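First comes the structure, then the notes that go with it.
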Amino acid sequence: MQDQTTAEVLIDGRTYTIAGFESDEYLQQVATYINRKLGELKKNGDYMRLDLDTRNALLAINIADDYFKEKGVADDIRGDRELKDKLVLDMKHEIIAREDQIDKDSRQITELQKKLNDAEKRIVELETTLKNSKGR
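Residue numbers (the numbering used here): -11 to 124.
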């Protein structure tokens, strides 16, 4: 099991120690993301006039919005991948079925070719017999 990592991160000008099982770089990325979201919200002048609880709620709503949008994209990609995987599997089954049919057809062609050769030999034999019987 992976050890827990702690990292000091700067969020909105304050230093926090956060912990997780991810790498230090990942924890820094999380802090950078939060800072970017805060920066977007602060661009709206009214944001800073709101009380702290409302600002935190708006930040949480924006983060949740990003999460669900990205989750939707990931779900779409996963669905596309599953569909493609199914198509590939169906194609593999089709290839196997066609290869089996080709093998069956090849055996039948070989068998018919042998019968044709035997029939041609028989014709030659009968023609030879006919010629010999006429010559007598």
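Note that CB positions come from ideal geometry on N, CA and C, so glycine has one too.
Predicted model only: the values in this text are computed from it and were never measured.
Does the beta-carbon distance from residue i to residue j come in below 8 Å?
i	j	result
residue 29	residue 40	no
residue 43	residue 35	yes
residue 20	residue 5	no
residue 3	residue -4	yes
residue 7	residue -8	yes
Taking all protein chains shown into account, decide if residue i is buried (16 or more other Cβ within 10 angstroms of its Cβ) or exposed.
i	result
residue 15	buried
Determine the DSSP secondary structure at residue i, reduced to helix, strand or coil.
i	result
residue 75	helix
residue -4	strand
residue 60	helix
residue 33	coil
residue 1	coil
So residue i and residue j are supposed to be a Cβ contact under 8 Å. How far apart are they, rounded?
i	j	result
residue 26	residue 0	5 Å
For residue i, would you say it is in contact with chain B, using Cβ-to-Cβ distances shorter than 8 Å as the test?
i	result
residue 92	Among the chains of the structure shown, chain B does not appear; only one protein chain is present.
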